[in-house]
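A.B. asks:
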Amino acid sequence: MSSITDNNPLVSIIMNCRNSQEYLKEAIDSVFAQSYTHWEIIFWDNASTDNSAMIAKSYGEKVRYFRGETAIALGQARNLAMAQAKGEYLTFLDCDDLWAKQKLSRQVRLMTERKEVDFIYANYYRVIMPLADNLILGLQGRQPEGEVFGFFLTHYPVNLQTVMVRMDTIKRLKVKFDDTLELAEEFDFFMRILLKSKAAYINEPLVIYRIHQNMGSRKLQYRYPVELDYIKDKFSKFKDFNKNEYRHAFKYFEANVGYWCAKVNMEKGDCRLARSRLVPYKFINFKFFLLYLVAFLPARVWKFLHRYKLQGKFQ
Numbered sequence: 133m134s135s136i137t138d139n140n141p142l143v144s145i146i147m148n149c150r151n152s153q154e155y156l157k158e159a160i161d162s163v164f165a166q167s168y169t170h171w172e173i174i175f176w177d178n179a180s181t182d183n184s185a186m187i188a189k190s191y192g193e194k195v196r197y198f199r200g201e202t203a204i205a206l207g208q209a210r211n212l213a214m215a216q217a218k219g220e221y222l223t224f225l226d227c228d229d230l231w232a233k234q235k236l237s238r239q240v241r242l243m244t245e246r247k248e249v250d251f252i253y254a255n256y257y258r259v260i261m262p263l264a265d266n267l268i269l270g271l272q273g274r275q276p277e278g279e280v281f282g283f284f285l286t287h288y289p290v291n292l293q294t295v296m297v298r299m300d301t302i303k304r305l306k307v308k309f310d311d312t313l314e315l316a317e318e319f320d321f322f323m324r325i326l327l328k329s330k331a332a333y334i335n336e337p338l339v340i341y342r343i344h345q346n347m348g349s350r351k352l353q354y355r356y357p358v359e360l361d362y363i364k365d366k367f368s369k370f371k372d373f374n375k376n377e378y379r380h381a382f383k384y385f386e387a388n389v390g391y392w393c394a395k396v397n398m399e400k401g402d403c404r405l406a407r408s409r410l411v412p413y414k415f416i417n418f419k420f421f422l423l424y425l426v427a428f429l430p431a432r433v434w435k436f437l438h439r440y441k442l443q444g445k446f447q
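Residues 133 to 447, numbered by this note's numbering, are exactly what the sequence shown covers, in order.
(1) DSSP puts PHE385 in a beta bridge; with which residues?
(2) Using a Cβ-Cβ cut-off of 6 angstroms (strictly less than) and excluding sequence neighbours within five positions of LYS435, which residues of its own chain qualify?
(3) Any idea what DSSP makes of PRO337, helix, strand or coil?
(4) LEU225 to SER408, Cα distance in whole Å?
(5) For ALA465 and ILE363, which I take to be in contact (beta-carbon distance under 8 angstroms), what is that distance rounded to the nearest angstrom?
(6) Within 10 angstroms of the Cβ of PRO430, are there 16 or more other Cβ atoms? Answer buried if so, exposed if not.
(7) In angstroms, rounded to a whole number, what distance separates the CA positions of TYR391 and PHE370?
(8) Just to confirm the assignment: which complete beta strand (DSSP E) runs, minimum length 3, are found wholly within the stretch 177 to 239?
(9) One question on the structure: do ALA232 and VAL339 come within less than 8 angstroms of each other, judged by their Cβ atoms?
(10) Out of PRO337, LYS330, GLU377 and PHE319, which has the shortest C-alpha to C-alpha gap to LYS366?
(11) In the DSSP assignment, what are the bridge partners of ALA254?
(12) Tell me the DSSP secondary structure of ALA270 in three-state form.
(13) Pick helix, strand or coil for PHE446, following the three-state DSSP scheme.
(14) When DSSP labels each residue in this structure, what does GLY278 get in the three-state scheme?
(15) From what residue to what residue does the beta strand (DSSP E) around VAL297 run?
(16) On the three-state DSSP scale, how would you describe ASN397?
(17) Identify the continuous beta strand (DSSP E) that holds SER144 and give its terminal residues.
(18) Provide the residue span of the alpha helix (DSSP H) that contains MET323, from first to last.
(19) If we ignore side chains and look at the alpha-carbon of each, how far apart do VAL433 and VAL426 end up?
(20) Starting from the C-beta of THR286, find all residues in its chain whose C-beta is less than 6 angstroms away, skip the five residues before and the five after it, and write them out in chain order.
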């Protein structure tokens, strides 16, 4: 065990599963390979019908297995798993992704050394399956630290698998996942923490994030703009949210929501509705003005340009 912390605090690892047998063993193996060994996996099986349960149970008592008999929204499932966590720090690993061996040790050390930090995120690799050896660095250059809420409203760089949060902070702020959210539940949860907390960033890829046809987020992509629109309204009503302080950042966030709504409209070939989504934000910057102009062209042109020219600028 690594001797880097005060009494080596327990780390709780939330793994939410719904028919995830394909990559599950590799994901769990990457936890068992950690150089920091004082951890527990909270494995929440969201009514899987494949071999996920058998795989998870084969690892013994360090994988605490729980099962829901009916499928529920991911936000609700994450809350049920989080309620079982016993650790001082909370982390997350989806069942198709991998951790680098030093992931926990790097983050526990940082949490121990910087008591003012409640939230840690890190760089990561993206890999588009089945090209497993083609690693693409997720983030370029240094990322913001400290009070990051305003910046994250405009450019959100966090990958769920890279995060570590203090459990005391979650309890102090009385923050939970939104039970109704399926796709943007982590963004909503983390942003409510970061509204009143400080973040640290590790500029080192600690995760391999797999992108593949069967991943749940791809299947639910159509929900993303709807959920972001809902979150936008929630943020504007927070009693601790100073709309004047974050006025410009919030306007950019609204524009991004408009973009995602327009993207869905263009995928359906509805250029007119897409333009109506973009018109309030066309003068925010050149990118949004360009998107507005492209929405006057046939939908196939939007799709082509988005795939080859605009990808990554509005994530």
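Even for Gly, the Cβ is constructed at its ideal location relative to N, Cα and C. Predicted, not measured: the structure shown is a model, and the values here were computed from it.
C.D. replies: On the basis of the data shown:
(1) Paired residue(s): none; PHE385 is not in a bridge.
(2) Once the five neighbours on either side are set aside, LYS435 has no close Cβ partner at all.
(3) Looking at PRO337 - three-state DSSP - the assignment turns out to be strand.
(4) The alpha-carbon atoms of LEU225 and SER408 are separated by roughly 38 angstroms.
(5) Since the first residue of the chain shown is 133 and the last is 447, residue 465 is not available in this structure.
(6) exposed
(7) 24 angstroms
(8) 195 to 200 and 221 to 224
(9) In contact: ALA232 and VAL339 (Cβ atoms closer than 8 angstroms).
(10) PHE319
(11) ALA254 pairs with ILE334.
(12) Ala is not the amino acid found at residue 270; the sequence shown has Gly there. It is coil, neither helix nor strand.
(13) Bear in mind that a pLDDT of 39 at PHE446, under 50, signals an unreliable position, so the number given afterwards is only what the model happens to contain. Coil, per DSSP.
(14) In the three-state scheme derived from DSSP, where H, G and I count as helix and E and B as strand, GLY278 is classed as strand.
(15) 296 to 298
(16) Three-state result, ASN397: helix.
(17) Per DSSP, the continuous beta strand (DSSP E) segment holding SER144 begins and ends at 143 to 149.
(18) 317 to 326
(19) Approximately 8 angstroms, taken between the alpha carbons.
(20) ALA381 and TYR384
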